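In our numbering, the protein residues as written are 5 to 965. The beta carbon of each residue, even a glycine, is placed where N, CA and C say it ideally should be. As the structure is a computational prediction, the values presented were derived from the model and not from experiment. Just below is one structure, and these are the notes that go with it.
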């Protein structure tokens, strides 16, 4: 156990499981997942301990990079997501969602639940990471449904420590099939060889023991810089891939620099049809086809730029055995840019077009206005025009603060206490640049002739004297000056805070004689209380509100009391080296309110657990646990205002030849007159109405685990743990995926799903600002269920005078990944599937294995093998919930094998050099059509799952003084 608490097991092991070693710890410890302190305590739930060495082996500058490579995790928000990114990094345990894993620092909550950002955690100061699977609400309260991730920090430095690293990506673009697609469309191919994506990270720490070792102060400051990488630099992402069912092609968006129109006026002979300016430059409109599609990919980022400054400190002082005062402060300033294709007057909003607009030709006005052409009237039309001036840039800024203070100590008679105050604040500011202002666009399109000069109507009536007419009636007709008028930056900001008062007492009743007759250890107990308050204030300016953002606020307050007991039943008897049971109970009372509206809600919940540990002999320990956990809805889920935003989806009722029948489409609100004339969602991006719901109740989860830990004396320094887990989340808080609503209505005609459609009454479209959308607001839905088996093996052996070798492997077999989106309406299983409703790949088997050679010369060489099992496209399943557009080329993703190598050399015990290469063989990620990708897909792939940039190389050093 002492080896594991040190952060690694058996020397250079990167991953460890909780278990027993021959060593005996000298002091009481607290294991993640319990409040009871005891010298020989071990977890009864499956745990993986990630040592600090693993961060060095990978050359990691972000903690999510390391955890996402573990088979228990699925990628979430990360640095390789650009469009729609909020600039954060999150972790997703068991693929149950990042909001269902509780993230701690030194056993205390990291941040407000709706504002978790692991960028806050400096990787070079991590002592270890405890990953506990399964519910833990009885111990920690809300959010621990899939498990707990506890970052244990280095806090007792005596001296100065410098940790620095630099790295970059090197990739050879050799995907001939994608390059041929790009060439066939007339686009530029990616360079043959690239070296980019540079990352630099440095942290300086200093600490001092004082008062004869009774106190310590440790401070740190760090800087991290990440260079951006454009999608144009890689084959797989250099064009917007679409899938026509037979194969991939370079498609894109119908919002193009040519200029598109969907006339809506009854007088138009082309009402509801998508027309586009002829590419030959003449001012004539022709029917739109995919050959006009705009390649929006090249300017978009596949790795965001980022600059982070962080600083902080930890301190403690032993006044007496009964009182140790301690505290910490951490700060982060993070500035990141996401970048996507240039903005547009996007198809989706109806604009009044002057029927005598002097910039348009007579034939164009005839197509848009019909008989009204040439008159001083207007006709409504959807307009799409891409501004080939500058890419859109999202300027994302975070200023995060976290501090804690407390006192703990020994009360005597086996009892100890800990009283703590913890506060965190997340300040967020966003500025969206180079984006078209819809109000200005409406003015720039309403143009008349004044003495031979095209003039905005708003200039004539004085409502906007600065208006400049936009020439959307000719391919490439909008000038830089016209585009500059249309651009207006938007601003949003938020303030999230978390305040926690907590106090607990832990005791060993054996000191007071409370020991069962057949046991040698006494009964352990822990009890305490906690008060938490989370708040959110979100602000959007007028321009942001035009795009659908809305102001929001809310407060959640909870008061909790809890207790836990550990009872050794039998010890040191035949077949009962030890038999122990553990139980816990927590009561929580919630009060929710929104000051801006006066809306309130509240509820009371109980959570509990039961655990069993049986060690029949020294070599093996069998463990089992049951946890009943909850996740209370966060502020955003309760109080966020409803607004329309973009989602990845395809409308089966759109286009000249809809894939869905008229009868099916009529169920979604399509009229017979609209059928065959509805515009297709641009770039496979439709609209959805999202937002909060004050009537939400907590999710509940039941977790069962059963496994064993094997540490045979006959094979010294070998350990093996095998654990089965099953987690079922009931009444889970979510929205119904728009892609699921669309497919279910089209294929089954279910009135529930069909009732979620709100089509544009004029065009029938499912996109546009508040015009057409699918309802996707928050609600308590059906259930989520996952189950599988974790295997963790570790072995260290001597190789004579050549040193030692450590081999360890962590793998997960996925038995099921089920969802029931609506209670009682059926379920689906995403095991072994990806895409559409199933989202990121859910392979049956994943593992990471590492072999490390530790030479007597203080040289360490480590080789890692990452395996991601193959998956199939979910729409090929026979489950009706997974019905969708099939694919030939994207019908499956083959298994992936990645190999990483690192080398380190210690010099005089004070200086260590390290270097490494990840993805040694420069394997390309899978190229996936944009319409198949869902959340956290970017650049035609899943960049959090697969290595997006190719081979990455790093060098670094650690110096201690």
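Tell me which residues share the same chain as residue i and place their Cβ nearer than 6 Å to its Cβ, disregarding the 5 neighbours each side in the sequence.
i: residue 398; result: 342 and 436
i: residue 950; result: 929
i: residue 501; result: 429 and 539
i: residue 367; result: 288
i: residue 401; result: 339 and 433
i: residue 766; result: 268
i: residue 834; result: 821, 842 and 846
i: residue 575; result: 523, 524 and 582
i: residue 742; result: 651, 653, 692, 778 and 780
i: residue 446; result: 355
What three-state label does DSSP hand residue i in the structure shown?
i: residue 68; result: helix
i: residue 496; result: strand
i: residue 516; result: helix
i: residue 260; result: coil
i: residue 3; result: No statement about residue 3 is possible, as the shown extent of the chain runs from 5 to 965 and does not include it.
i: residue 669; result: helix
i: residue 25; result: Residue placement at residue 25 is flagged as unreliable, the pLDDT there being 40, under the threshold of 50; the coordinate-derived value follows with that caveat. Here residue 25 sits in coil by DSSP.
i: residue 372; result: helix
i: residue 488; result: helix
i: residue 562; result: strand
i: residue 570; result: strand
i: residue 893; result: coil
i: residue 103; result: helix
i: residue 931; result: coil
i: residue 867; result: strand
i: residue 690; result: strand
i: residue 236; result: helix
i: residue 254; result: strand
i: residue 4; result: Residue coverage of the chain in this structure runs from 5 to 965, which leaves residue 4 outside it and unanswerable.
i: residue 162; result: coil
Determine the direct distance from the alpha carbon of residue j to that of residue i, and round the result to whole angstroms.
i: residue 964; j: residue 864; result: 18 Å
i: residue 358; j: residue 454; result: 13 Å
i: residue 411; j: residue 328; result: 5 Å
i: residue 895; j: residue 846; result: 14 Å
i: residue 899; j: residue 955; result: 18 Å
i: residue 56; j: residue 209; result: 16 Å
i: residue 509; j: residue 614; result: 20 Å
i: residue 76; j: residue 98; result: 5 Å
i: residue 663; j: residue 656; result: 5 Å
i: residue 84; j: residue 530; result: 43 Å
i: residue 105; j: residue 788; result: 14 Å
i: residue 969; j: residue 616; result: There is simply no residue 969 to check, as the chain begins at 5 and stops at 965 in what is shown.
i: residue 413; j: residue 323; result: 9 Å
i: residue 1017; j: residue 802; result: Summary: the structure shown does not reach residue 1017, with the chain confined to residues 5 through 965, and so no result is reported for it.
i: residue 861; j: residue 807; result: 9 Å
i: residue 602; j: residue 596; result: 10 Å
i: residue 727; j: residue 50; result: 6 Å
So residue i and residue j are in contact, right, with Cβ under 8 Å, and what is the actual spacing, rounded?
i: residue 424; j: residue 506; result: 5 Å
i: residue 257; j: residue 683; result: The pair is not a contact, with the Cβ atoms about 12 Å apart (cut-off 8 Å).
i: residue 729; j: residue 791; result: 6 Å
i: residue 371; j: residue 274; result: 5 Å
Beta-carbon within less than 8 Å of residue i's beta-carbon, same chain only, minus the 5 sequence neighbours each way: which residues are those?
i: residue 701; result: 607, 637, 735 and 784
i: residue 969; result: Summary: the structure shown does not reach residue 969, with the chain confined to residues 5 through 965, and so no result is reported for it.
Tell me which residues share the same chain as residue i and place their Cβ nearer than 7 Å to its Cβ, disregarding the 5 neighbours each side in the sequence.
i: residue 552; result: 647, 648, 649 and 773
i: residue 957; result: 171, 172, 174 and 921
query: Is the region 346–358 touching the region 438–448, taking contact as three or more C-beta pairs under 8 Å?
result: yes
Contact between the region 170–181 and the region 118–132 is defined here as three or more beta-carbon pairs at a separation below 8 Å; is this criterion met? no
Next item on the list: Would you check if there are 3 or more beta carbon pairs closer than 8 Å linking the region 621–640 to the region 713–724?
Entry: yes
Checklist entry - Contact between the region 871–891 and the region 903–923: three or more CB pairs below 8 Å? => result no
Margin query: Does the contact criterion of 3 or more C-beta pairs under 8 Å hold for the region 530–546 versus the region 559–578?
Written below: Proximity of the region 530–546 to the region 559–578 meets the contact definition, three or more beta-carbon pairs being nearer than 8 Å.
Problem - Segment contact flag, the region 473–480 with the region 511–523, C-beta cutoff 8 Å, min 3 pairs - result: no
Touching or not, the region 306–315 and the region 223–230, by the rule of three or more beta carbon pairs under 8 Å?
Yes, since at least three Cβ pairs between the region 306–315 and the region 223–230 fall closer than 8 Å, the two stretches touch.
### Query
Is the region 668–677 touching the region 753–767 in the sense that three or more CB pairs, one from each, lie closer than 8 Å?
Touching, yes, given that three or more Cβ pairs across the two stretches are closer than 8 Å.
*Counting pairs of Cβ atoms below 8 Å between the region 197–209 and the region 243–252, do you hit three or more?*
no
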